[in-house]
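Asker:
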Amino acid sequence: FGLSGTGKTTLAKEYMKTLSKKDRTKVLVVAPTWKAVTNLSGTTVHRAFELSCSIQQDTPIVEVPKALKNIDTIIIDEISMLRVDVFNRMVQIIRFTEQQNNHPIRIIAIGDFGQLAPVCIAEDKEVLEKEYPGIYCYDSPLWDSLHFQKIVLHQVHRQDDKRFADHLELLKYG
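In my numbering, the protein residues as written are 8 to 181.
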């Protein structure tokens, strides 16, 4: 996690560079939108997890999605944009995959919850708020079960003027 311009995505890119070609094939990079995922040469959450664009239901999972077959690590960029139902379904699919493959999958989440809100139309929001306490992925009952170890980046690289960067951050939270 980290403020805008602290290099979260750049750090993920650098991490990928440290991996061997073989290890890179075991890392799945996803993001909620195509625009977000192009920064890390990945794919969308919906494509990788074979999800529809409608509200995700808790139906039985019968098959591991093709993109997850030989994966050890999943990097989720711009996690703040991930809607609660999509995140919930992703975790269910990851757990199913772990059981089928008999090995754990590490999840690396990158984002800034004050920067970009989940992608959610008004009709979906109304339905989701009946089932969940909110629309953010951390509103999922499965969020806490993942026991994320939080690393927060503080140094802003995108702005040279620290005072201006601090004011931008204050604006974000009103």
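We treat Cβ as the ideally placed atom computed from N, Cα and C, and that holds for glycine. These numbers come from a predicted model, not from an experiment.
#1: Indicate the three-state DSSP secondary structure (helix, strand or coil) for Leu37 in the structure shown.
#2: Quick one: residues in its chain with C-beta nearer than 7 Å to the C-beta of Glu57, no 5 flanking neighbours on either side, listed in chain order?
#3: Tell me the residue span of the beta strand (DSSP E) that contains Arg194.
#4: Per DSSP, what kind of secondary structure is Ile86 in: helix, strand or coil?
#5: Does the stretch 72-81 come within contact of the stretch 35-46, defined as at least 3 CB pairs closer than 8 Å?
#6: Do you know how far the Cα of Glu21 is from the Cα of Pro140?
#7: Per DSSP, Ala51 forms a beta bridge with which residues?
#8: Starting from Leu135, trace the alpha helix (DSSP H) in both directions and tell me its first and last residue.
#9: Can you tell me where the alpha helix (DSSP H) with Thr104 in it begins and where it stops?
#10: Relative to the C-alpha of Glu154, which residue among Ser87, Arg113 and Ile62 is closest?
#11: Would Asp146 be called buried (16 or more neighbouring beta carbons within 10 Å of its own) or exposed?
#12: Looking only at its own chain, which residues have a Cβ that is under 7 Å from the Cβ of Lys132, when we skip the five neighbours before and after it?
#13: Thr52: buried (16+ other C-beta within 10 angstroms of its C-beta) or exposed?
#14: Apply the 10 Å Cβ neighbour rule to Asn109 and answer buried if 16 or more other Cβ atoms are within range, or exposed otherwise.
#15: Could you spell out where the alpha helix (DSSP H) holding Ala74 opens and where it closes?
#16: Apply the 10 Å Cβ neighbour rule to Glu130 and answer buried if 16 or more other Cβ atoms are within range, or exposed otherwise.
#17: Following the continuous alpha helix (DSSP H) through Ala19, name the residue where it begins and the one where it ends.
#18: Tell me which residue opens and which closes the alpha helix (DSSP H) that Asp151 is part of.
Answerer: This is what the structure gives:
#1: The question names Leu, yet the displayed sequence has Val at residue 37. Three-state result, Val37: strand.
#2: Pro72
#3: Nothing about residue 194 can be reported from this structure: the residues present for the chain run from 8 to 181 only.
#4: helix
#5: yes
#6: 36 Å
#7: Before going further, note that residue 51 is Thr rather than Ala in the sequence given. DSSP output for Thr51 lists Ala38 as bridge partner(s).
#8: Ala129 to Glu138
#9: Element bounds for Thr104: Val91 to Asn108.
#10: It should be pointed out that residue 154 corresponds to His in this sequence rather than to Glu. For the residues Ser87, Arg113 and Ile62, the minimum Cα distance to His154 belongs to Arg113.
#11: buried
#12: So the qualifying residues of the chain are Ile142.
#13: Looking at the sequence provided, one finds Val at residue 52 rather than Thr. Val52 is buried by the Cβ-count criterion.
#14: Flag for Asn109 reads exposed.
#15: Per DSSP, Ala74 belongs to no alpha helix (DSSP H) and is neither H nor E.
#16: exposed
#17: Lys15 to Thr25
#18: Run containing Asp151: none; DSSP gives neither H nor E here.
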